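Below is one structure; the comments refer to it alone.
Right under this line is the structure:
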């Protein structure tokens, strides 16, 4: 993750992890969340049950800050769910940390952890408040909790289905009770959620990299509209929405997911290298070196370099030790050339024609800064190649893109952007190139991706009021 | 830097930074030290003078932990020196944090910061204590302070020269007084130390990456046996030892220095790529993918891949969020496959013949673990290529190699090591290959490198007693 | 407050503070809470409104730990309520920290702070959960929030009255909205709550000592069953329960309240001195010195000494620096005489007949320890005088007495207790003596006090199930 | 201790504790230092030896903050010394925390802890620096370390004596080596230092209250000019200065020492009560209530009240929870009457003639504020009685009196002071009254006290330069 105070970029979202029936459930959830840390650094939490009662701990901070040996020790039980959070909707408050734990007359204790964003959360919340509901947090997850609590359905399974049918948006959802683990994914499968096996224990994770870390084996992805119930009777799959083909968020491949994760069987690093190769096919250029903006563009840059036969070099270096408390240089010092966390390597780029690969352009300010950095370090030409199409539309599914007014590609042609960032040339990957490079199975008209931020075709209804709220607040 | 609790590896050492006559001296030192953070994460400190008195702050922790805005604000002055420390000699105590500040009747206030290690520190300390000296720290730097304080020389310059002539070992040294900045390097130039210019202000740094960060221009390296005096009369160069050709520590190129630093005009990333290319020339292999152990071996791996025409892939992934407080998995969980910070990417290596590039083998335990990880992820063959010669001898100049008994190459042939680590093939780079690949100017018999850890030919005398102490204690 | 880990004692409860229409509302609440710190050290919180929206901060810790200058600075507004908490019901969780802030469709944002304990909270909670309510905390205050939220009443005032009429128990309640401050007290006035004036601003506080600290003038106590509404139209008093004569918790006078507070116009220190004087009248004794168990028994001890004409001495000394992180001596060291925070002063008690005044006996273990301490320090006789009647019944109104089985006076006669604690004589103050000494105005049959822990006559109904729960869990 | 940021007052100094030959030496030192916490809250430290090597830990903060269970656990050994520090000479730096540990060729490892202040420290330091000594701290203790280190004496005992003979000033000194514990007191016995026995183990402490806490028995005071050596051969007493009668600092009785400590067999609380009684004898007054400024004047106030037959009341209350991080009210709020930590109790003083007892007047600002507070609370008359003579001269022995210009009694007559502080009457105790009330044995012309701050008769020579330095800097 690049530092949001410096670079304009897409904000990552959340990660969930769950495990059922393992004596080391809490420790494994700790390592699993740690592997998902890149999906959210704001808060972390684990809830666990030993079958008779819950224990949980949530706090602001990284997984290894939130959980000390003492705290882990105090969390006993064999079924656990965990969450790492980067706030999109909802302020950065401890009360928004997940899992959300509550008690309800019908179902007893419940813990919820979700990754994603509802499109109709505010509308649902207003309706619930009119009926006397008391909300403590500003997170979407609490809306789901209230819907479940208010259901008159005879079983938890039915109550959850009833609740999910009222939701519009993207979500991967884990629900823990003393007796069961429920797992669901939104009807379009916008966020990844995988199922694995560790010995006899079922494991669920936003990304498969967590399976590798805990030594679990990948079984399959949770399906769009699927609700899994795991309890004493084993694993049962049911549906709360008609089968639809999956439209997974493209940016999971492009930027969010860890390179060692697979999404629906496609490795992310490999997909990124393909994006780089495809990008070279679509927009070749004569140059001396290829460099990527670390760390997220490294794979695409290597792919581009290999396809082009141009050496891949570390033309840009990131300081690994920039922490959250780093003191920013004053404007005065910044103007004098003090850099913070990214610097160009003079010896590598001096006198060279440089291809700079980045994964996306949001506002354009970072790109302009990096191009400038490369020129100051002596690059004779800077050719920018972006391994995704231009981002023109806001995301309502949990990605903190800027609002449309701030998206440079929403208001400018590629040529205008090239001029603004000061590059010698600039090319974005085409949507078709993206689809082909990733290589997801395509069914009928469905390309297997959500491309809404590129083409504005949202897979769900978009609540107009909510949409304005999102646009307004960002 | 890889995590010492997990991997056996060479420990990095210290970094120094100094700037003379700049209104933002302290802020720039902060950013400079931040760029040198990879050279030492144990403690950090800055001493500054406004010409009339000193202020300083030192504490355990990373630069951005040690210095808060309030603390930086309180450090006023235009000439400053700073230090980041990884303990080699001397325990991990706050009292060992540098710069060391003391007061002396002859020269008033002094602050010292050094990078390196003296070979005769204990002997000098004993002699000084017999004369009634009181030592507060266990660091070598205090020995230098006492030698300066006890000198009867008429000027600080003479006193420093007198002191330096009693030292044997490796050091880059900065001395701050209210009136002057003194800079020296040991007679063999074992540790890098560069001089730059930022506007009118002279800047000194262990590595040139700090110049890029603060916007300074590189002038030249400080010479072996050179003592620079910077005061009201400007910059004066003198010598305290006869001119000798430099024997810079090879591991600065191989592993320690940041890839964007230059040492004597040679870029470190470029040197590492050459090491990789040379390694392929010396030990070609048929394979499907090349991967490097992140992060230090990435450059060499790319060089190898380019020379070989084999794709470079991210076959090994490191979790960036492993902090110092991370909870280690129990032996039990480790055996079940829980990984902590490095994991192999199954989709990348499965069914492939893998070349794994690493920069060095110290005890061999890490290499064995990584080879095993790759095999478990499905690699059909694992060929290990090391971009340095076998480490057979202890370093006495500030690198925390293990003692000789623990160095696997000191007791085993490459073939035996191959068997121990379980690789299909293993080749180390030859010393000649190292020298050629880096490409330092060679004068007479001197190759420009210290290769003592490979060939046991130490450039300085080695105090037998000290040597035993080092061997014994490690 | 004495340290609960060492001494068995009554646990203090909570404190509330509110101020309406003052530019320094937050700072004044900070100082007010600070003056109420003795009523709760577990967590502290402030919610404030500027008329358009809320800001709040709550955290575990003392007032001066929870609020830094930065945090106070961020809390802008002219009407604020604050809370300090010592958990009685509800676990020690951050989520239980008050004020409780929530949003509701009918009334917008609300913040609640309460001091006290409901007797029928669990029953209400169950009913609410059956109706689909989602509870986040284990505190009684959330029950009140839900009752208000679910009311169909046309105004907040009516909704609050409706809610309060469903509550049984003890409470002083502050409710903040963007437009108004509502203040209520339970129908028996079990917990103190006073109203004051600071310039034009109304101030409310659990104790009047906070008025002195902020420079406010005392106006009157909030009446049992009174609901005050303060908004744009000024101050309006209404009733939600018929007028009843107040039955204030006796232990507020005996032990809880700060000596400089007045409760219904009676100063607490003065009341305690009277208790001491009355105790001498009821149980005179020949002795050489009178000493009190610091700090809570000092006033009674001085009263006793003055009445008896026996010198008052510091025969017992408390270490002021015992913090929450103090390391307890091992059993082994304790047996060897290592004391932690209370020690007897040998020179004062040696060879003397000592009267030791304490405010109450709960389990008896502390008294035994102190008597023993005095004897070891050389006291020839130890006469214990307790400035309250024997505590025989559990409190359901927010005081954490032990459960009845653990109350020594519930199971033993005074003579048996004397033997257990090893005193030469022991007398408790009589209930009549208590009533006379405090000197509250008495109306009809009502003595003005709640004496339930002494005589078991609870002023409210006690829910049998809840009562069992309380007994069971403690 | 009152808060120095609010009240002008005498600053307390340091405390030392040592124990030889006890398996729980470190834990006992921890509890001992905790009992001495009132003598210094800035830093704390413990050094311990197991006979073969030292371990030590020092840090800024209170004893219970500095020492965690882990840290205590790591300090193994049976002979320990400890220190709590309030800085007088020397800035508030961690490096000044004691015990000071150093290594010396002749005597091996040494740890020093001192309570007191040298009058000739700067002069000695200059001389030592001229000889090449390197000073790390600004504390007097390091001067002693250097003198010992430079001695050519054949034994540690002789070296220490030689060093002590060069010192002028007040000190209680503990020296720890691997083989021995050395204990010394300055030739005038200005600071208290007592010896006790805990089983077979000798214990030393600045105050006897620490003996009570650890269960040790008081043996005797260390004598002026005495050097005790405790080693394998047992306890040996020797002298480094001729026997002189003790001149203990009067303020130990008046203000510094804990009421439960004895100094030379006289209990401090009892002495303070006598001061109060004597004060009434010397300056009787008709009044309704007597109150003391908490906490240090409580004993004197009770003594005064008993002698006068006037009731003692809590007319002034201190908030116990004022910590070091408390946010001070702005000037604006202070003017509006916001109090921080001391408040008058209206119900107690309203309409009453009040005698207010305080232990001393330094600058007079606090007294004025308290008199004013009492009047605002309704006192009709305020008679101030001070249980010590007027402080007219600076202390050079470790008490941070203001410099003479700031001492109100140095520049004003009692009548002028009365007017300044706004009292109806004001009387100071006479020096004769002080001497009689405390009741120390008097020999010849020596009254047994140092009264220098009252009469300017310093028991030691005062270095004129140092004296100016002290006057100047304060």
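Protein chains in written order, with the numbering used here: chain B, 8 to 481; chain D, 8 to 481; chain C, 8 to 481; chain P, 8 to 481. Cβ atoms here follow ideal geometry from the backbone N, Cα and C, with glycine treated the same way. A quick note: this is a predicted structure, and the numbers were derived from the prediction, not measured.
In terms of beta-carbon proximity, residue 24(P) stays away from the interface with chain D, with every pair separated by 8 Å or more. Non-local C-beta neighbours of residue 160(C) in its own chain, meaning closer than 8 Å and more than five positions away in sequence, comprise 166, 168 and 169, ordered along the chain.
Between residue 55(B) and residue 28(B), the C-beta gap is not smaller than 8 Å, which leaves the two residues out of contact. Taking a beta-carbon distance threshold of 8 Å, residue 170(D) does not count as an interface residue toward chain P. 133, 136, 137 and 139: these are the residues of the segment 122 to 139 of chain D whose beta carbon lies less than 7 Å from some beta carbon of chain P, given in chain order. For residue 112(C), the chain B residues whose Cβ falls inside 7 Å of its Cβ are 133, 136 and 137, in order along the chain. Using a Cβ distance threshold of 8 Å, residue 254(C) and residue 460(C) do not count as a contacting pair. Within chain D, the residues placing a beta-carbon under 7 Å from that of residue 157(P) are 139, ordered along the chain. About 12 Å separates the Cβ atoms of residue 237(D) and residue 229(D), ruling out a contact at the 8 Å cut-off. Where residue 469(B) is concerned, there is no enclosing alpha helix (DSSP H), because DSSP gives it neither an H nor an E.
Comparing alpha carbon positions, the residue from 123(P), 188(P), 38(P) and 335(P) closest to residue 243(P) is 188(P).
Where residue 178(P) is concerned, the enclosing beta strand (DSSP E) starts and stops at 176 to 183.
Residue 400(P) and residue 239(D) have their C-alpha atoms some 46 Å from each other. Residue 180(B) and residue 266(B) have their C-alpha atoms some 23 Å from each other. Among the CB atoms of chain B, one or more fall inside 8 Å of the CB of residue 153(C). Under the Cβ distance rule, residue 143(C) counts among the residues neighbouring chain B, one pair being separated by less than 8 Å. Residue 118(B) carries a strand assignment under DSSP once its states are collapsed to helix, strand and coil.
Out of 144(B), 131(B) and 362(B), the CA that lies nearest to the CA of residue 157(B) is found in 131(B). Taking residue 314(B) as the centre and dropping the five residues before and after it, the same chain places the C-beta of 284 and 287 closer than 6 Å to its C-beta, in chain order. By DSSP's assignment, residue 457(P) forms a beta bridge with 256(P).
In this structure, the beta-carbon distance from residue 282(P) to residue 184(P) does not fall below 8 Å.
Looking at the DSSP output, residue 192(B) bridges to 179(B). Note that the segment 303 to 319 of chain C does not touch the segment 337 to 350 of chain C; fewer than 3 beta-carbon pairs, one per stretch, sit closer than 8 Å. Contact between residue 197(P) and residue 272(P) is absent: CB atoms are separated by about 18 Å, not below the 8 Å threshold.
Nearest CB-CB separation between residue 74(D) and chain P: not below the 8 Å threshold.
In the three-state DSSP reduction, residue 229(P) falls in the coil class, being neither helix nor strand.
Per DSSP, residue 342(C) is one residue of the alpha helix (DSSP H) stretching across 338 to 342. With 16 or more other CB atoms across the displayed protein chains lying within 10 angstroms of its CB, residue 259(P) is buried. Annotation for residue 441(P): the continuous alpha helix (DSSP H) segment containing it runs 438 to 445.
Our two residues, residue 139(C) and residue 232(B), have alpha carbons roughly 25 Å apart in a direct line. For residue 110(C), the uninterrupted beta strand (DSSP E) segment begins and ends at 107 to 111.
Within the segment 251 to 305 of chain P, the alpha helix (DSSP H) runs of at least 4 residues that lie entirely inside it are, in chain order, 275 to 289.
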